[in-house]
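Undergrad: This is the structure I want to talk about, given as structure tokens.
There are 2 protein chains.
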Amino acid sequence: MRFSRQLITVEEALHRLLERLGKQEKEEVHIGEAYGCRLAEDVHATADLPHFDRSPLDGFAVRAVDTASAAPHQPVRLKVVEKIGAGDVPEVALTEGCASRIMTGAMLPPGADAVIMFEQTEQPAALSQEVGVKRALPPGENVSRRGEETKKGAVIAHAGEQVNAGTLAILATFGYSRVPVVRKPRVGLLSTGRELLDVDQPLSPGKIRNSNAWMLSALIAEAGGIPLFFPSLPDELAMAKQSLAEHLQAADVLVTSGGVSVGDYDVMAALTDEPEAELLFNRIAMRPGSPTTGLLLHGKPIIALSGNPGACFLGFELFVRPALAKLSGARQVQLRTVKARLAVSYTKPCPYPRYLRGRLAEEGGVLYARPDFNEKAGNVGTIKDSECFIVIPAGGGGKQAGELVEVLTHMAPSWRR
Amino acid sequence: MRFSRQLITVEEALHRLLERLGKQEKEEVHIGEAYGCRLAEDVHATADLPHFDRSPLDGFAVRAVDTASAAPHQPVRLKVVEKIGAGDVPEVALTEGCASRIMTGAMLPPGADAVIMFEQTEQPAALSQEVGVKRALPPGENVSRRGEETKKGAVIAHAGEQVNAGTLAILATFGYSRVPVVRKPRVGLLSTGRELLDVDQPLSPGKIRNSNAWMLSALIAEAGGIPLFFPSLPDELAMAKQSLAEHLQAADVLVTSGGVSVGDYDVMAALTDEPEAELLFNRIAMRPGSPTTGLLLHGKPIIALSGNPGACFLGFELFVRPALAKLSGARQVQLRTVKARLAVSYTKPCPYPRYLRGRLAEEGGVLYARPDFNEKAGNVGTIKDSECFIVIPAGGGGKQAGELVEVLTHMAPSWRR
Chain U
1 MRFSRQLITV EEALHRLLER LGKQEKEEVH IGEAYGCRLA EDVHATADLP HFDRSPLDGF
61 AVRAVDTASA APHQPVRLKV VEKIGAGDVP EVALTEGCAS RIMTGAMLPP GADAVIMFEQ
121 TEQPAALSQE VGVKRALPPG ENVSRRGEET KKGAVIAHAG EQVNAGTLAI LATFGYSRVP
181 VVRKPRVGLL STGRELLDVD QPLSPGKIRN SNAWMLSALI AEAGGIPLFF PSLPDELAMA
241 KQSLAEHLQA ADVLVTSGGV SVGDYDVMAA LTDEPEAELL FNRIAMRPGS PTTGLLLHGK
301 PIIALSGNPG ACFLGFELFV RPALAKLSGA RQVQLRTVKA RLAVSYTKPC PYPRYLRGRL
361 AEEGGVLYAR PDFNEKAGNV GTIKDSECFI VIPAGGGGKQ AGELVEVLTH MAPSWRR
Chain D
418 MRFSRQLITV EEALHRLLER LGKQEKEEVH IGEAYGCRLA EDVHATADLP HFDRSPLDGF
478 AVRAVDTASA APHQPVRLKV VEKIGAGDVP EVALTEGCAS RIMTGAMLPP GADAVIMFEQ
538 TEQPAALSQE VGVKRALPPG ENVSRRGEET KKGAVIAHAG EQVNAGTLAI LATFGYSRVP
598 VVRKPRVGLL STGRELLDVD QPLSPGKIRN SNAWMLSALI AEAGGIPLFF PSLPDELAMA
658 KQSLAEHLQA ADVLVTSGGV SVGDYDVMAA LTDEPEAELL FNRIAMRPGS PTTGLLLHGK
718 PIIALSGNPG ACFLGFELFV RPALAKLSGA RQVQLRTVKA RLAVSYTKPC PYPRYLRGRL
778 AEEGGVLYAR PDFNEKAGNV GTIKDSECFI VIPAGGGGKQ AGELVEVLTH MAPSWRR
């Protein structure tokens, strides 16, 4: 299978991988640890929100009926019987001709059914026990009713949602100091290749420093996984197989880089011929990264990315990111693309769809995608400036400037950063 | 100043804040800690990349001149004198009629000036010492020349850039195990209001749980700051002032929520009248959040956000996020908007520009912005689903469906997640 590879599409390869992945188990974490996790189950409101009638602004709580004759030049005078701050429990019920000074977020006193803004009143003096109401209020004006935003028991966040800052706000509102989340997948990270040096080793002839491991560890964390650095894989097959099997005990999925091609030392390619391995794909109709390989070893998933930095990066976005989303319980795990106008023509022929790194821009409400033209896919130095992959369909025609193309974004667009 | 406030625009308020903020000092961190930091200085290539002539693919290194007469049905036979894996140092120089088996990334042997793909050759048998080259190669074909991607000394990343996965790849390539970054700003986080309960406290009448602190801590971390939780601020002015002054010793900037309005217990508003405080702004032409306040206390910045969750969130995006970018040495710190077509009409009159939470979608290469229509700005439960603020200009006209509007995105669009 190593040399006679079956060519399949990106979509088919991703399908074969995703259908073999389940959802990780649930765990509870403190709210301070929940950011970036996915919810394991629907989360419900534990109370009405707000859980008491309250004032949304600074002013005076009144009985609407008392204000019926009020007008800017004919204020209705009411006796101020209490001052209610946020957090206070009102002690005085309003009766005819009475009002209470009330602050934003404070509980309405019994008897009150409207609030007039501070700015729409007059007080003869700072310490006066009277207020002049300058406009008539309908009942319910400026009152946030109990349960108005959310009723107790309503779903406030759904299983599979990723916890963001806003999710924390609503979880805290309802007292979720412990949050039910899907356990983050542990992603074992291995490199292959005798040429690799660590980042703190000096260069020597023929050797290069391992850059993919650092890149992949950041991408894994971004995608909601926990990266585990494992030592480089030996290029002797039996040893490599044993090492992978051991690491699979400690990880939920392994991601490797390098060794997927037809070179004599390509151990990941050799592995696909072994009886313990179930091959999912090892030849994908895409450039770069067509030898990107997916397999199960003892039933557990290994995604073997190309060692070429650009192809490694693309392979992560096409296969590893959706795989981690699936393991984490995301509802949407397929690749999502947008359409954009190609900023400049690209007509280089290619037998497979080509994924060009590029950037996304907006002009007059229209999206434009601009390929990094001067770059080779393998260049490592421009990955940091890329925002998206622009998909150029297979064939000789390419795409002309202004044509709509599919774009797979892998980074928030620059207008967001 | 608390009651007679000067109305200014969002842009002017932001300008007043940013001009008083400097750049934090430089520090060196391990590459494993650098993700999300901003570079303190330009970073340079420490060697040529690649630092030796190498093969970009699996095949045979040859002398181009030897292949001149090769054709698919008339292969040129060369003697294979060495097998060179990635990381090996070649030991045999090529002479006339010789070739070396070479793997992806391996160093070219002396004398070689081209590489033919494995798939374009034939070998009579697996262990044969001969290879048949089926096409003529020009000199330089399939050779990655030393320095081809980057010359030693070239700038590989610029001061102010935020370190992402791709940045780590190029830093690792050049051996930067220690990375010069701008020290992340420590952001002290305080809430005001006697009504606030902690997330693990039971509800009681008139009280609500503090949700802003959790939301803000996540937003601060997202924006490259280090959130520090401080105890809630007392609503007695002298005590509050002392508490703030103390916390400013431990933090580079303070962010508070609540207490900015005209209520009797609004301690942040009262603070602006104190002699130690220098007011930057406390009335902004925007909805929600017009009382959002900026000030310096003993010369150090405090950004006092509204306690209303929606206004607090907006205030963070408009003022705190750019402030943290400035402190972290970002080159681009102004708010960046995109234009999008409004998906549905919005005609509610407003004296100030209104920032509507909403979502961004793409259809046929055109961006559409859809407001969260059924929501009040104060609702806490829908912040998590918001991607952007849609800016509706002041006045009675609003905007019609299909018109272009300015959009401030605060979350990666859904097609990215």
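Chains as they are written, first to last, in my numbering: chain U, 1 to 417; chain D, 418 to 834. Just so it is clear, CB atoms sit at the ideal spot from N, CA and C, and this is done for glycine as well.
Using only the alpha-carbon positions, how far apart do His575 (chain D) and Glu458 (chain D) sit?
TA: The residue given as residue 575 (chain D) occupies position 158 in the second sequence. The residue given as residue 458 (chain D) occupies position 41 in the second sequence. Roughly 6 Å between the two C-alpha positions.
Undergrad: Does chain U have any CB closer than 8 Å to the CB of Phe806 (chain D)?
TA: Position 389 of the second sequence holds residue 806 (chain D). Not one chain U Cβ lies under 8 Å of Phe806 (chain D).
Undergrad: Using C-beta distances below 6 Å, list every residue in its chain close to Arg417 (chain U), excluding the 5 sequence neighbours before and after it, in chain order.
TA: Sequence index remark: in the first sequence, residue 417 (chain U) carries index 417 (1-based). Reliability fails at Arg417 (chain U), whose pLDDT of 49 lies under 50, so the model's placement of it is uncertain and the value that follows must be treated cautiously. The answer is none, since no qualifying residue turns up.
Undergrad: Taking Cβ-Cβ distances below 9 Å as the criterion, which residues of the stretch 464-477 of chain D are in contact with chain U?
TA: Those would be Ala464, Leu466, Pro467, His468, Phe469, Arg471, Pro473, Leu474 and Asp475, in chain order.
Undergrad: When you compare the CB of Ala86 (chain U) with every CB in chain D, is at least one pair closer than 8 Å?
TA: The residue given as residue 86 (chain U) occupies position 86 in the first sequence. So, interface residue.
Undergrad: Note down the Cα distance separating Arg77 (chain U) from Gly132 (chain U), rounded to an integer number of angstroms.
TA: For the purposes of this step, residue 77 (chain U) is identified with residue 77 of the first sequence, where counting begins at 1. For the purposes of this step, residue 132 (chain U) is identified with residue 132 of the first sequence, where counting begins at 1. Between Arg77 (chain U) and Gly132 (chain U), the C-alpha separation is close to 4 Å.
Undergrad: Quick one: what does DSSP say Phe477 (chain D) is sitting in, helix, strand or coil?
TA: Here the question's residue 477 (chain D) lines up with position 60 in the second sequence. Residue state, collapsed to three classes: strand.
Undergrad: At the 8 Å Cβ level, is Arg209 (chain U) part of the contact set with chain B, yes or no?
TA: Considering every chain present, this structure includes no chain B. Its protein chains are U and D.
Undergrad: Determine the chain U residues that contact Ala516 (chain D) at a beta-carbon separation under 9 Å, and present them in chain order.
TA: Residue mapping note: residue 516 (chain D) aligns to position 99 of the second sequence, counting from 1. By Cβ distance, chain U contributes nothing, its closest Cβ being about 15 Å from Ala516 (chain D), past 9 Å.
Undergrad: Arg145 (chain U) by DSSP, collapsed to three states: which one?
TA: Locating residue 145 (chain U) in the first sequence gives position 145, counting from the first residue. If DSSP states are grouped into helix, strand and coil, Arg145 (chain U) belongs with coil.
Undergrad: What runs of the alpha helix (DSSP H), each 4 residues or longer, lie entirely inside the stretch 651-717 of chain D?
TA: Fully enclosed alpha helix (DSSP H) runs of 4 or longer: 654-667 and 684-688.
Undergrad: Quick one: what's got a C-beta closer than 7 Å to Gly502 (chain D)'s C-beta in the same chain, skipping five residues either side?
TA: Taking the first residue of the second sequence as 1, we reach residue 502 (chain D) at position 85. Same-chain partners within the cutoff: Met520 and Ala523.
Undergrad: Quick one: Cα of Ala760 (chain D) to Cα of Lys801 (chain D), how far?
TA: Here residue 760 (chain D) corresponds to residue number 343 of the second sequence, with the count starting at 1. Here residue 801 (chain D) corresponds to residue number 384 of the second sequence, with the count starting at 1. In a straight line, the C-alpha of Ala760 (chain D) is about 20 Å away from that of Lys801 (chain D).
Undergrad: So which residues of chain D does Pro205 (chain U) contact, with C-beta pairs closer than 8 Å?
TA: Start at 1 with the first residue of the first sequence, and residue 205 (chain U) comes out as number 205. Per Cβ cutoff of 8 Å: Phe469, Val506 and Met524.
Undergrad: Quick check on the DSSP output: the alpha helix (DSSP H) that includes Ala169 (chain U) runs from which residue to which?
TA: One-based indexing of the first sequence puts residue 169 (chain U) at position 169. Here the alpha helix (DSSP H) through Ala169 (chain U) covers Ala165 to Thr173.
Undergrad: Which residues of the stretch 756-785 of chain D have a Cβ closer than 7 Å to any Cβ of chain U? Give them in chain order.
TA: Listed by position, the residues of the stretch 756-785 of chain D near chain U (Cβ gap below 7 Å) are Lys756, Ala757, Arg758, Glu779, Gly781, Gly782, Val783 and Leu784.
Undergrad: Going by C-alpha to C-alpha distance, which of D:Thr710, D:Gly623 and D:Gly781 sits closest to Arg422 (chain D)?
TA: Against the second sequence, residue 422 (chain D) aligns to sequence position 5. When each option's Cα is compared against that of Arg422 (chain D), the closest is D:Thr710.
Undergrad: So, under 8 Å CB-CB, Leu189 (chain U) and Leu216 (chain U) are touching, yes? Tell me the CB distance rounded to an integer number of Å.
TA: Position 189 of the first sequence, counted from the first residue, corresponds to residue 189 (chain U). Position 216 of the first sequence, counted from the first residue, corresponds to residue 216 (chain U). Right, the Cβ-Cβ distance comes to about 6 Å (below 8 Å), so this counts as a contact.
Undergrad: Identify the contact partners of Asn379 (chain U) in chain D, using a Cβ-Cβ distance below 8 Å as the criterion.
TA: Position 379 of the first sequence holds residue 379 (chain U). Correct list: Glu566.
Undergrad: List, in order along the chain, the chain U residues whose C-beta lies closer than 8 Å to that of Pro726 (chain D)?
TA: For the purposes of this step, residue 726 (chain D) is identified with residue 309 of the second sequence, where counting begins at 1. Those within 8 Å of Pro726 (chain D) in chain U are Ala169.
Undergrad: Here's the rule: buried if 16 or more other CB atoms are within 10 angstroms of the residue's CB, otherwise exposed. What is Pro692 (chain D)?
TA: Position 275 of the second sequence, counting from 1, holds the residue named residue 692 (chain D). Burial call: exposed.
Undergrad: Can you list the residues of chain D that Glu222 (chain U) reaches, using a CB-CB cut of under 9 Å?
TA: For this step, residue 222 (chain U) is matched to residue 222 along the first sequence. What Glu222 (chain U) touches in chain D: Tyr452, Asn581 and Ala582.
Undergrad: Just how far apart, CA to CA, sit Val29 (chain U) and Val43 (chain U)?
TA: Looking up residue 29 (chain U) in the first sequence gives position 29. Looking up residue 43 (chain U) in the first sequence gives position 43. Taking the straight line joining both Cα atoms gives about 14 Å.
Undergrad: Report yes if the C-beta distance between Ser628 (chain D) and Thr150 (chain U) is below 8 Å; otherwise report no.
TA: Indexing the second sequence from 1 puts residue 628 (chain D) at position 211. Indexing the first sequence from 1 puts residue 150 (chain U) at position 150. No; because the gap between Cβ atoms is not below 8 Å, this pair is not in contact.
Undergrad: Which first and last residues belong to the alpha helix (DSSP H) in which Val10 (chain U) is found?
TA: As a first step, residue 10 (chain U) must be located in the first sequence, where it is residue number 10. Val10 to Leu18 is the span of the alpha helix (DSSP H), which, as asked, contains Val10 (chain U).
Undergrad: If I follow the unbroken alpha helix (DSSP H) through Leu633 (chain D), where does it start and stop?
TA: Numbered from 1 along the second sequence, position 216 holds the residue referred to as residue 633 (chain D). Its alpha helix (DSSP H) spans residues Asn629 to Glu639.
Undergrad: Can you list, in chain order, the residues of its chain whose CB lies under 6 Å from that of Phe230 (chain U), leaving out five sequence neighbours each side?
TA: Counting from 1 along the first sequence, the entry for residue 230 (chain U) is found at position 230. If we look at Phe230 (chain U) and ignore the five residues flanking it on each side, its Cβ neighbours are Gly188, Leu190 and His247.
Undergrad: Compute the distance between the beta-carbons of Gly642 (chain D) and Arg748 (chain D), then report whether it is under 8 Å.
TA: As a working mapping, residue 642 (chain D) is identified with position 225 in the second sequence. As a working mapping, residue 748 (chain D) is identified with position 331 in the second sequence. No, the pair does not count as a contact, with Cβ atoms beyond the cut-off.
Undergrad: Which residues, in chain order, does the stretch 527-549 of chain D contribute to contact with chain U at a C-beta distance below 7 Å?
TA: Within the stretch 527-549 of chain D, the residues whose Cβ lies closer than 7 Å to some Cβ of chain U are Phe535, listed in chain order.
Undergrad: Within its chain, find whatever has a CB closer than 7 Å to the CB of Ala668 (chain D); leave out the 5 residues flanking it on each side and keep chain order.
TA: For this step, residue 668 (chain D) is matched to residue 251 along the second sequence. Arg603, Val604, Gly605 and Leu645, listed in sequence order.
Undergrad: DSSP on Phe52 (chain U), reduced to helix/strand/coil?
TA: What you label residue 52 (chain U) is simply residue 52 of the first sequence in a count that begins at 1. It is coil, neither helix nor strand.
Undergrad: Please check if any C-beta of chain U sits within less than 8 Å of the C-beta of Arg834 (chain D).
TA: Mapped onto the second sequence, residue 834 (chain D) falls at position 417. Per-residue confidence for Arg834 (chain D) stands at a pLDDT of 49, beneath the threshold of 50, marking its modelled position as unreliable; no derived number is given.
Undergrad: If you count every other CB in all the chains shown that lies within 10 Å of the CB of Gly623 (chain D), and 16 or more means buried, which is it?
TA: If you number the second sequence from 1, residue 623 (chain D) lands on position 206. Flag for Gly623 (chain D) reads buried.
Undergrad: Note down, in chain order, all residues in the stretch 662-679 of chain D with a beta-carbon under 8 Å from any beta-carbon belonging to chain U.
TA: Cβ contacts with chain U: Ser678 and Val679.
Undergrad: Going by C-alpha to C-alpha distance, which of D:Ser803, D:Leu741 and D:Gly795 sits closest to Cys454 (chain D)?
TA: Working through the second sequence from its first residue, we reach residue 454 (chain D) at position 37. The candidate whose alpha carbon is nearest that of Cys454 (chain D) is D:Leu741.
Undergrad: Compare the C-beta of Val482 (chain D) against all C-beta atoms of chain U and say whether one is closer than 8 Å.
TA: One-based indexing of the second sequence puts residue 482 (chain D) at position 65. Val482 (chain D) does not count as touching chain U.
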